[in-house]
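If you count the sequence shown from 1, you need to add 2 to reach the numbering used here.
Below: the structure, in structure tokens.
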Amino acid sequence: MHTIVLARYSEPLEWIADIPADFKVIIYNKGEEITSPEVLARADEIVARPNVGRESETYIHHMMTRATDDRNFTVFSQGDPMTHSPDFIDLLKNWRKWDDVQALSWQWLTARNIPPAASLARYEEYFPLHLRVRPEPFSLMDWVALEFVDAGAWNMGLVFKTLEGISPNTGNIAAHALRKWKLDALADQAEKHSVGVFSYGAIFAVRNEGVARLPAESKELIYEFSVGAAAANGYILERMWLHIFGTGFYRRVPFMDEHASALNLPGVSEADRADITNLVLSLVDHGMSMNDVSNFVQETMREQLSSLKSKQGQSVN
Numbered sequence: 003m004h005t006i007v008l009a010r011y012s013e014p015l016e017w018i019a020d021i022p023a024d025f026k027v028i029i030y031n032k033g034e035e036i037t038s039p040e041v042l043a044r045a046d047e048i049v050a051r052p053n054v055g056r057e058s059e060t061y062i063h064h065m066m067t068r069a070t071d072d073r074n075f076t077v078f079s080q081g082d083p084m085t086h087s088p089d090f091i092d093l094l095k096n097w098r099k100w101d102d103v104q105a106l107s108w109q110w111l112t113a114r115n116i117p118p119a120a121s122l123a124r125y126e127e128y129f130p131l132h133l134r135v136r137p138e139p140f141s142l143m144d145w146v147a148l149e150f151v152d153a154g155a156w157n158m159g160l161v162f163k164t165l166e167g168i169s170p171n172t173g174n175i176a177a178h179a180l181r182k183w184k185l186d187a188l189a190d191q192a193e194k195h196s197v198g199v200f201s202y203g204a205i206f207a208v209r210n211e212g213v214a215r216l217p218a219e220s221k222e223l224i225y226e227f228s229v230g231a232a233a234a235n236g237y238i239l240e241r242m243w244l245h246i247f248g249t250g251f252y253r254r255v256p257f258m259d260e261h262a263s264a265l266n267l268p269g270v271s272e273a274d275r276a277d278i279t280n281l282v283l284s285l286v287d288h289g290m291s292m293n294d295v296s297n298f299v300q301e302t303m304r305e306q307l308s309s310l311k312s313k314q315g316q317s318v319n
């Protein structure tokens with residue numbers, strides 16, 4: 003039997019009555035006690051969990067403690083998948099047509115127009131008979147979606163690079179994260195490419211044997227990452243789940259490995275890097291928006307580069 007894992011905080015769950023009988027329903031509840039008769043009747047298990055981490059903490063906890071090694075699927079979802087996946091129930095009914103790693107969402111938020119309604123309309127025009135499911139392509143370098151302006155993701159990627167000491171110009175966020183999790187072979191592949199795909203809301207399915215192949219050490223490291231203090235960590239994992247379990251990367255990077263250092267800003271000492279990290283965290287803690295933080299960091303970088311160029315010019319003269 004397949005399984006659906008729901009990471010729930012306060013979302014109403016009466017909709018689970020429509021989940022096909024092919025699926026065992028496990029609810030990890032980080033909110034108030036669930037008392038709805040409809041939910042209690044359909045849920046196979048309700049597991050109380052402390053309210054730490056985002057949905058990624060719930061997912062990796064399940065993978066570490068409950069995963070099996072077989073060809074059945076486990077679906078991972080937030081408590082309200084319909085926001086991101088209006089055809090979610092019908093997608094569950096069509097599990098026989100899934101890939102071994104399957105994205106199961108369509109959008110982020112209609113109210114925020116992400117992705118733009120015009121883009122989704124074109125997609126529906128191209129695939130009029132398909133259920134609404136759409137993996138979103140994004141840059142492994144700066145985390146932005148490729149088909150529209152994605153300022154929020156760009157800001158999050160920049161903050162993560164700053165916190166991790168990754169080059170703002172040539173650093174590959176995906177490769178860096180994968181190495182943190184001891185997934186070096188995947189990191190090597192990420193470094194050779196520039197594009198990945200993700201499922202909005204971290205709603206996806208994977209065969210249990212795929213989860214079983216993930217090394218125990220990597221699961222532990224991903225768990226530690228999921229409960230880390232940086233707000234960016236949850237967003238990094240949202241865009242990495244499909245690739246962690248085998249979805250390939252796209253668009254190979256032109257030959258640049260031996261010359262990447264020439265494209266970087268001049269080296270920053272570990273002490274300076276720590277100071278920058280602490281400054282960014284302080285700005286966020288004091289209420290500065292992600293957009294303002296990114297603008298501040300960019301302006302500081304421009305000033306530093308201008309100063310260095312000026313000094314280099316003086317030394318030549």
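Every residue, glycine too, gets a C-beta built ideally from N, C-alpha and C.
Would you mind working out which of 98, 57, 21, 177 sits nearest residue 228, comparing C-alpha positions? Taking the first residue of the sequence shown as position 1, residue 228 is located at position 226. Minimum Cα-Cα distance from residue 228 among the listed residues 98, 57, 21, 177 corresponds to 57.
(message) Going by C-alpha to C-alpha distance, which of 182, 206, 194 sits closest to residue 225?
(response) Indexing the sequence shown from 1 puts residue 225 at position 223. Selected option, being the one with the closest Cα: 182.
**First through last residue of the alpha helix (DSSP H) which encompasses residue 118** = Your numbering for residue 118 matches position 116 in the sequence shown. Element bounds for residue 118: n/a, residue is neither H nor E.
Q: Please go through the region 113–181 and give each complete alpha helix (DSSP H) segment of 4 or more residues, from N-terminal end onward.
A: If you keep only unbroken alpha helix (DSSP H) runs of at least 4 residues inside the region 113–181, you get 119–128, 153–166.
Residue 9 versus residue 217 - alpha carbon distance | Along the sequence shown, read from residue 1 onward, the residue named residue 9 stands at position 7. Along the sequence shown, read from residue 1 onward, the residue named residue 217 stands at position 215. Looking at the two C-alpha atoms, the distance is approximately 23 Å.
query = According to the Cβ coordinates, are residue 102 and residue 248 closer than 8 Å?
reply = As a working mapping, residue 102 is identified with position 100 in the sequence shown. As a working mapping, residue 248 is identified with position 246 in the sequence shown. Taking 8 Å as the Cβ cut-off, residue 102 and residue 248 qualify as a contacting pair.
- Message: On the CB-based measure, 16 or more other CB atoms within 10 Å of its CB, does residue 52 come out buried or exposed?
- Response: Position 50 of the sequence shown holds residue 52. By the neighbour-count rule (16 or more Cβ atoms within 10 Å), residue 52 is not buried but exposed.
Next on the checklist: Nearest by alpha-carbon distance to residue 97: which of 3, 152, 190 is it?
Outcome noted: Position 95 of the sequence shown, counted from the first residue, corresponds to residue 97. Out of 3, 152, 190, the CA that lies nearest to the CA of residue 97 is found in 3.
Using only the alpha-carbon positions, how far apart do residue 136 and residue 112 sit? Counted from its first residue, the sequence shown places residue 136 at position 134. Counted from its first residue, the sequence shown places residue 112 at position 110. Their Cα atoms are separated by approximately 14 Å.
How do the region 156–164 and the region 137–148 stand: do at least 3 beta-carbon pairs fall below 8 Å, yes or no?
Because the criterion of three Cβ pairs below 8 Å is met, the region 156–164 and the region 137–148 touch.
Report task. Going by DSSP, name the residue or residues bridged to residue 6. Result -> Walking along the sequence shown from the start, residue 6 turns up at place 4. Under DSSP, residue 6 forms a beta bridge with 27, 77.
- Query: Can you tell which of 163, 185, 184, 186 has its C-alpha closest to the C-alpha of residue 175?
  - Reply: Counting from one through the sequence shown, the residue named residue 175 turns up at place 173. The closest CA to that of residue 175, considering only 163, 185, 184, 186, is found on 163.
Is it buried or exposed for residue 374, if we count other Cβ within 10 angstroms and need 16 for buried?
As shown, the chain starts at 3 and ends at 319. That puts residue 374 outside it, with no answer to give.
Practice task
Drop a sphere of 10 angstroms on the beta-carbon of residue 35, count the other beta-carbons inside from all chains shown, and report buried for 16 or more, exposed for fewer.
Solution key: Here the question's residue 35 lines up with position 33 in the sequence shown. By the C-beta density criterion, residue 35 is exposed, having fewer than 16 other C-beta atoms within 10 angstroms.
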